[in-house]
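Here is the structure we will look at, set down as structure tokens.
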Ligand SMILES: Nc1ncnc2c1ncn2[C@@H]1O[C@H](COP(=O)(O)OP(=O)(O)OP(=O)(O)O)[C@@H](O)[C@H]1O
Ligand SMILES: [Mg+2]
């Protein structure tokens, strides 16, 4: 397990700080005593096996669930988010895994869905200009903002969903599995996009099951296991360390196998097993 204090602190200020967050659904403890920090201009990857509590944590930060106990500090203030609009108004934007885009509407309509500049009398030109500006800032490759979402690729849809989440100028953005189901080129494009969002000074929390994607963009890797913190790593952590933390090293054949390889390697190198 990597000790956070041994690593240089990210330059940006603390945007989000969770202390002792727990969440139960009846008898099920989905989260127990979670601590998490995110700084401005930092990508934190949230990893863990199925059921580890990743989505529950993101939904708690998005105002979908209320924690059973613990404190959430956002930009220096202790906050309570009673619903998703409360989180949005504070500056926490979420791109859920299903993206929640409208297939039959065009890119502009999706970016402004529910936030039209002038409800009743839509200012189409202003919305189109703003959409292009957002997409250009992200160097997004969208052929036209007037084509329906249905005709876009998976990567382009993810791009529109991320652009949409930036409309209200959040300080923190939560991405639940942004590269799941994307091809190699589209994954690279979305990872570039995440870096550009970070370079704008936002804090980013990204959930992923793909360690390659995680290593490519994350500044820190936070592992959850069975609803608890199970280590914080830098992207140079070995696969063995990460898999061990994700699965619980002692009782898992995947990490035992990885461990055996490492031991053999250490013996050949003359190191300690
Ligand atoms: N609304 C709910 N009611 C009851 N139990 C829930 C609810 N939401 C989540 N859980 C439980 O909480 C635990 C954590 O689930 P969660 O969806 O957060 O995991 P996850 O890490 O996102 O997993 P995955 O990688 O499969 O998406 C699971 O045991 C799940 O069954
Ligand atoms: Mg999930």
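Residue numbers (the working numbering): 56 to 328.
Every residue gets a Cβ at the ideal spot worked out from N, C-alpha and C, and that includes glycine.
Along the segment 97-182, the beta strand (DSSP E) occurs as fully enclosed runs of 3 or more residues at 98-102, 124-129, 132-134 and 147-150, listed in sequence order.
Here the distance from the Cβ of residue 300 to the nearest heavy atom of ligand 1 is not below 7 Å. In this structure, the beta-carbon distance from residue 157 to residue 70 does not fall below 8 Å. Beta-bridge annotation (DSSP): residue 277 is paired with 101 and 287. Under the DSSP assignment, residue 87 falls outside any alpha helix (DSSP H), being part of the beta strand (DSSP E) whose first and last residues are 83-94.
Within the same chain, 148, 149, 150 and 228 come within 8 Å of residue 220 by CB-CB distance, once the 5 residues on both sides are set aside.
Ligand 2 never approaches residue 78 closely enough for any of its heavy atoms to be under 7 Å from the residue's Cβ. With 16 or more other Cβ atoms inside 10 Å of its own Cβ, residue 163 counts as buried. For the pair residue 113 and residue 231, the Cα-to-Cα distance works out to about 8 Å. Residue 73: not part of any alpha helix (DSSP H); member of the beta strand (DSSP E) spanning 69-80, first to last residue. Straight-line spacing of the CA atoms in residue 303 and residue 280 works out to 8 Å.
Shown here for residue 236: same chain residues with a beta carbon closer than 7 Å to its own, the five before and five after excluded, namely 209 in chain order. If you look at residue 258, you'll find it isn't in any alpha helix (DSSP H); it sits in the beta strand (DSSP E) that goes 258-262.
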